[in-house]
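Participant:
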Amino acid sequence: MTLEQEIAKRRTFGIISHPDAGKTTLTEKLLLFGGAIQKAGAVKSSKIKDHARSDWMEIEKQRGISVATSVMGFNYKDIKINLLDTPGHQDFAEDTYRTLTAVDSVIMVVDCVKGVEIQTEKLMEVCRMRNTPVLCFINKLDREGQDPFDLLDEIEAKLKIKVHPLSWPISMGKTFKGVYSLYEKSLKLFTPSKTTVEEAIEISDINDPVLDQYIGESYAIKLREDVELLNGVYPELDVKDYMDGKVAPVFFGSAVNNFGVKELLDTFIRLAPPPLIRETTTREVKPEEKKFTGFIFKIHANMDPKHRNRIAFLRVCSGKFERGNNYLHVRNDKSIRFSNATAFMAQDRETVDEAWPGDIVGLFDTGNLKIGDTLTEGEKMLYTGIPSFSPEIFKEVINKDAMKTKQLEKGLLQLMEEGVAQLFTYQLGKKKVVGTVGALQFEVIQFRLKEEYGATCEFAPQNIYKACWISSKDDKKLAEFIASKQRHIALDKDDKLVFMAESKAWLQMVQDNFPEINFHFTSEFKD
Ligand code: G4P
65 MTLEQEIAKR RTFGIISHPD AGKTTLTEKL LLFGGAIQKA GAVKSSKIKD
115 HARSDWMEIE KQRGISVATS VMGFNYKDIK INLLDTPGHQ DFAEDTYRTL
165 TAVDSVIMVV DCVKGVEIQT EKLMEVCRMR NTPVLCFINK LDREGQDPFD
215 LLDEIEAKLK IKVHPLSWPI SMGKTFKGVY SLYEKSLKLF TPSKTTVEEA
265 IEISDINDPV LDQYIGESYA IKLREDVELL NGVYPELDVK DYMDGKVAPV
315 FFGSAVNNFG VKELLDTFIR LAPPPLIRET TTREVKPEEK KFTGFIFKIH
365 ANMDPKHRNR IAFLRVCSGK FERGNNYLHV RNDKSIRFSN ATAFMAQDRE
415 TVDEAWPGDI VGLFDTGNLK IGDTLTEGEK MLYTGIPSFS PEIFKEVINK
465 DAMKTKQLEK GLLQLMEEGV AQLFTYQLGK KKVVGTVGAL QFEVIQFRLK
515 EEYGATCEFA PQNIYKACWI SSKDDKKLAE FIASKQRHIA LDKDDKLVFM
565 AESKAWLQMV QDNFPEINFH FTSEFKD
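With positions in the sequence shown counted from 1, the corresponding number in the numbering used here is that position plus 64.
1) Taking buried to mean at least 16 other C-beta atoms within 10 Å of its own C-beta, is TRP570 buried or exposed?
2) Taking the C-alpha atoms as reference points, what is the distance between PHE428 and THR406?
3) Taking the CB atoms as reference points, tell me whether TYR298 and PRO197 lie closer together than 7 Å.
4) Which residue or residues does DSSP assign as beta-bridge partners of VAL135?
5) Should the region 173-192 be called in touch with the region 209-220, which here means at least 3 C-beta pairs below 8 Å?
6) Whole angstroms are fine: how far does the CA of LYS350 sit from the CA of LYS226?
7) From GLY358 to GLU292, what distance separates their C-alpha atoms?
8) Is there contact between the region 230-242 and the region 316-324, where contact requires at least three CB pairs shorter than 8 Å?
9) Just mark PHE240 as buried or exposed, buried being the case when its beta carbon has 16 or more other beta carbons within 10 Å.
10) For ARG75, which three-state DSSP category applies?
11) Could you check if LEU90 is buried or exposed, using at least 16 other CB atoms within 10 Å of its CB as the buried criterion?
12) Consider the C-beta atom of ASN322 and the heavy atoms of the ligand G4P; say whether any pair is separated by less than 6 Å.
13) For ARG551, which residues in the same chain have their Cβ closer than 7 Å to its Cβ, ignoring the five residues on either side in sequence?
14) For MET65, which three-state DSSP category applies?
15) So which of ILE279, ILE79, ALA336 has the shortest CA-CA distance to ILE71?
16) Over the uninterrupted beta strand (DSSP E) stretch that includes PHE402, give me the two end residues.
17) So LYS495 packs on GLU460, CB below 8 Å; how close in whole Å?
18) Determine the extent of the alpha helix (DSSP H) in which TRP570 is found, giving its start and end residues.
19) What's the call for ARG538, buried or exposed, on a 16-neighbour Cβ count within 10 Å?
20) Under 7 Å between the Cβ atoms of ARG395 and ASP437?
21) Can you tell which of ASN432, ARG288, THR255 has the C-alpha that lies nearest to the C-alpha of ILE267?
22) Applying the criterion that 16 or more other CB atoms from any shown protein chain within 10 Å of the CB defines a buried residue, is ASN467 buried or exposed?
23) In the DSSP assignment, find the unbroken alpha helix (DSSP H) run with TYR161 in it and report its ends.
24) Exposed or buried, what is ARG75 when buried is set at 16 or more other beta-carbons lying within 10 Å of its beta-carbon?
25) For the structure I just gave you, are there three or more beta carbon pairs, one from the region 470-485 and one from the region 573-586, closer than 8 Å?
26) Which first and last residues belong to the beta strand (DSSP E) in which ILE233 is found?
27) Look at the alpha carbon of LEU294 and the alpha carbon of GLY98, and state the distance between them as a whole number of angstroms.
28) Is it buried or exposed for VAL562, if we count other Cβ within 10 angstroms and need 16 for buried?
29) Is it the case that the Cβ atoms of GLY518 and GLN471 are separated by a distance below 7 Å?
30) Let me confirm a value: GLU185 is counted as buried when at least 16 other C-beta atoms fall within 10 Å, else exposed. Which label applies?
31) So is the beta-carbon of GLY86 under 6 Å away from any non-hydrogen atom of the ligand G4P?
32) Take THR606 as the anchor and find which of SER452, GLN526, GLN505, GLN572 has the nearest alpha-carbon.
33) Give the C-beta separation of ARG401 and ASN390 to the nearest angstrom, bearing in mind that I take them to be a contact with Cβ-Cβ under 8 Å.
34) Across the region 542-551 and the region 496-514, are there enough close Cβ pairs to call them in contact, namely three or more that are closer than 8 Å?
35) Does DSSP put LYS496 in a helix, a strand or coil?
36) Taking GLU482 as the reference, which of ASN432, PHE523, TYR529 has the closest Cα?
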């Protein structure tokens, strides 16, 4: 097969949802369709449930297990699908943000009872930053949920994306009859079942009396009214709007009952984009360029503390990756040879000799690679779009064992490279402050520093609201600002300047007082 054909048959995507909306269930059904797993229940181990805080060890263990399920590759109708798993636990949201930088599209799952929840809003913001195409699956129609029109309004309002229903539910809960496919013009009747797949009954004219026979007169009347309304509000779907991340096609179904999942998957392989052009610091890279390029979006530590090796997840962006070749590690300007590379098929990892754009390769790493690193065949450029976001919780690291200072520093650095948290080093006094999205990470860091590096530390809470990356077109003004706010200026892992704002109101005041300074909530920005 040619490079172009390999690219055309690949779809790399992630599923985003609020915990409990049905992401794991949907993943499992998709894998069943792809023949990647044989029975239901096989994916559960990847799931990180909302454990009590004391259960964080359990969560870490599950995170370890989930290496195998972090990328699930399977074939469906000649399409190679790479599904990237995202942790559901909100304390690991940063992991999810980064994973989203490696996908070409996403499927968003919304619970029809709960509607749009906060976690989905945050994830959608990340999708919007890169205009990622989104398909929406409204789940749990077998339960009494919100009115479908209200759900669509809520998605548009809260997620700031236009919607376009491609199927429409006929009642819900106990009286759920099924869905009418608006683009196929067919009826799919619902039967609660975990295994059977819905069949499509062609009803090209919604006024055909045969509809009444299938769903009963009153539901048929309601459906006809709904469809008339929908046809008025939503003209033909413009696929370009979907590709540009402006419109999300919407499906309704019930993942646990395997209802609507096949319809979703069939539409997904038809609509969702193959690997796309990506931005670098110097130019745009097309996937069909002959030379290999890719970037690291995730690093996972080996769970065995005696071996400090890690798996780096590489997204191939262009050309062909070949195991055993030498590639340029652009950040260090050094050539690295990867003799150990794994592909992720279903839930297995297997050695891979070659990989194509859209594929994810697991690279065995002994500490050279960092999240965001670019690998090329020699060209000096860096993939962009893998930013850090301002953390939510900040604590100072206090060394409790002066004999182990070196170990503490090394351990902290390595854990930060893995993306466990972010480290900010103050310019004055060299105070080290760790920032995280959730409280859990502090326990994880403390435990791992002790176990893996023999270092003991404590954390002192800091009164910080946000870390803002700062820039200015006027170097003199920037220098003045730094001089006047020295106590609040720190450097991030890449030595970028960060202003540590103590409160929202104070940040606002500082912004007003220094209009020449730009404050950014992510580490990547254009002035
Ligand atoms: P998540 O990964 O997004 O966190 O959600 P997950 O798939 O684990 O689903 C959360 C719960 O919702 C599960 O129930 C699951 O069975 C249920 N669920 C998923 N899809 C549907 C659906 O279409 N209809 C209904 N009624 N429920 C659905 P659980 O009790 O938490 O787990 P389990 O005991 O069923 O495994």
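Note that CB positions come from ideal geometry on N, CA and C, so glycine has one too.
Keep in mind that this is a model prediction, so the values were computed, not measured.
Facilitator: On the basis of the data shown:
1) Locating residue 570 in the sequence shown gives position 506, counting from the first residue. Under this definition TRP570 is an exposed residue.
2) Residue 428 sits at position 364 when you count from the first residue of the sequence shown. Residue 406 sits at position 342 when you count from the first residue of the sequence shown. Each residue's alpha carbon lies about 8 Å from the other.
3) Here residue 298 refers to the residue found at position 234 of the sequence shown. Here residue 197 refers to the residue found at position 133 of the sequence shown. No; because the gap between Cβ atoms is not below 7 Å, this pair is not in contact.
4) In the sequence shown, residue 135 corresponds to position 71, counting from 1. VAL135 is bridged to LEU148.
5) Look at the beta carbons and you see the region 173-192 touching the region 209-220: at least three pairs across the two are nearer than 8 Å.
6) The residue labelled residue 226 in the question sits at position 162 within the sequence shown. The residue labelled residue 350 in the question sits at position 286 within the sequence shown. Cα to Cα, LYS226 sits roughly 28 Å from LYS350.
7) Residue numbering aside, residue 358 sits at position 294 when the sequence shown is read from its first letter. Residue numbering aside, residue 292 sits at position 228 when the sequence shown is read from its first letter. If I take the Cα positions, the gap works out to 47 Å.
8) With contact defined as three or more Cβ pairs closer than 8 Å, the region 230-242 and the region 316-324 are in contact.
9) Taking the sequence shown and counting its residues from 1, the one referred to as residue 240 is at position 176. A residue is called buried when at least 16 other Cβ atoms come within 10 angstroms of its Cβ; PHE240 meets this threshold and is buried.
10) Within the sequence shown, residue 75 is the residue found at index 11, counting from 1. Reduced to three states, the DSSP call for ARG75 is strand.
11) In the sequence shown, residue 90 corresponds to position 26, counting from 1. Label assigned to LEU90: buried.
12) Counting from one through the sequence shown, the residue named residue 322 turns up at place 258. Answer for ASN322: no, Cβ out of range of the ligand G4P.
13) Taking the first residue of the sequence shown as 1, we reach residue 551 at position 487. Setting aside the 5 residues that flank it on each side, ARG551 is surrounded in the same chain by LEU492, each with a C-beta closer than 7 Å to its C-beta; the list follows chain order.
14) Here residue 65 refers to the residue found at position 1 when the sequence shown is read from its first residue. The DSSP-derived three-state label of MET65 is coil.
15) One-based indexing of the sequence shown puts residue 71 at position 7. The residue with the shortest Cα to Cα distance from ILE71 is ALA336.
16) For this step, residue 402 is matched to residue 338 along the sequence shown. Neither: PHE402 is in no beta strand (DSSP E) and is coded neither H nor E.
17) As a working mapping, residue 495 is identified with position 431 in the sequence shown. As a working mapping, residue 460 is identified with position 396 in the sequence shown. Confirmed, Cβ separation roughly 6 Å.
18) One-based indexing of the sequence shown puts residue 570 at position 506. Its alpha helix (DSSP H) spans residues 568-577.
19) The count along the sequence shown starts at 1 and reaches residue 538 at position 474. A quick correction: the sequence has Asp, not Arg, at residue 538. Looking at its Cβ environment, which holds fewer than 16 other Cβ atoms inside 10 Å, ASP538 is exposed.
20) Here residue 395 refers to the residue found at position 331 when the sequence shown is read from its first residue. Here residue 437 refers to the residue found at position 373 when the sequence shown is read from its first residue. The Cβ atoms of ARG395 and ASP437 sit closer than 7 Å to each other.
21) For this step, residue 267 is matched to residue 203 along the sequence shown. Nearest neighbour of ILE267 by Cα position, chosen from ASN432, ARG288, THR255, turns out to be ARG288.
22) Here the question's residue 467 lines up with position 403 in the sequence shown. Correcting the residue type first, residue 467 is Met in the shown sequence and not Asn. So MET467 counts as exposed.
23) As a first step, residue 161 must be located in the sequence shown, where it is residue number 97. Judged by DSSP secondary structure, TYR161 falls within the alpha helix (DSSP H) whose first and last residues are 157-164.
24) Position 11 of the sequence shown, counted from the first residue, corresponds to residue 75. When all chains shown are included, ARG75 counts as buried.
25) Contact fails: fewer than three Cβ-Cβ distances are below 8 Å.
26) Position 169 of the sequence shown, counted from the first residue, corresponds to residue 233. Sequence inspection shows Pro at residue 233; the Ile mentioned does not correspond to that position. That run of the beta strand (DSSP E) goes 231-234.
27) Within the sequence shown, residue 294 is the residue found at index 230, counting from 1. Within the sequence shown, residue 98 is the residue found at index 34, counting from 1. LEU294 and GLY98: Cα-Cα distance of roughly 32 Å.
28) Position 498 of the sequence shown, counted from the first residue, corresponds to residue 562. Classified as buried, VAL562 has 16 or more neighbouring CB atoms from the shown chains inside 10 Å of its CB.
29) Against the sequence shown, residue 518 aligns to sequence position 454. Against the sequence shown, residue 471 aligns to sequence position 407. Yes. Within cutoff.
30) As a working mapping, residue 185 is identified with position 121 in the sequence shown. Here GLU185 is exposed. Its C-beta has fewer than 16 other C-beta atoms within 10 Å.
31) Here residue 86 corresponds to residue number 22 of the sequence shown, with the count starting at 1. Yes, the ligand G4P has a heavy atom inside 6 Å of this Cβ.
32) Nothing in the structure corresponds to residue 606, since the chain is present only between 65 and 591.
33) Against the sequence shown, residue 401 aligns to sequence position 337. Against the sequence shown, residue 390 aligns to sequence position 326. In this structure ARG401 is in contact with ASN390, their Cβ atoms being roughly 5 Å apart against a cut-off of 8 Å.
34) Cβ pair count under 8 Å is below three, so no.
35) Within the sequence shown, the letter at position 432 stands for residue 496. Residue state, collapsed to three classes: strand.
36) Here residue 482 refers to the residue found at position 418 when the sequence shown is read from its first residue. Here the closest residue by C-alpha is ASN432.
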